[in-house]
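Student:
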Amino acid sequence: MSASGVSAAAIAARLSAAGLPTRVEEHTRFTTVEAEVPETLSAESWREVLDVVADADRFGLLATSLNGRTLWAVVRKTVPTTGDVGGPSYQR
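Residue numbers (my numbering): -3 to 88.
1. Taking DSSP's pairing of strands, which residues face residue 37 in a bridge?
2. Counting pairs of Cβ atoms below 8 Å between the segment 14 to 23 and the segment 54 to 62, do you hit three or more?
3. With DSSP as the reference, label residue 25 as helix, strand or coil.
4. For residue 56, I'd like the list of residues in its chain whose CB is within less than 7 Å of its CB, leaving aside the five on either flank, ordered along the chain.
5. Under 8 Å by Cβ, that's how I've got residue 27 and residue 4 pegged, so tell me the actual separation to the nearest angstrom.
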């Protein structure tokens, strides 16, 4: 598992411990965590949840009348500092 995957898994574990069902997905450049947020989440729980996602590179809340509220967090994967930085088509 990548370093971003480990960080995302830690975020997901902490959100799960706070009672939120979570999903983790690996992508090419980042790992995402999504959690369903109940309407009845207390102010204290919100503070805990915000403290958890503060460890991510980006986070937000998607709220719709159809799907409820989904908290999301993104942890970027490390960008290479040497070698094939531009990818396979990069011309040197």
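Even for Gly, the Cβ is constructed at its ideal location relative to N, Cα and C.
A quick note: this is a predicted structure, and the numbers were derived from the prediction, not measured.
Tutor: Straight from the coordinates:
1. Answer is none; residue 37 lacks a bridge partner.
2. no
3. coil
4. 68
5. 4 Å
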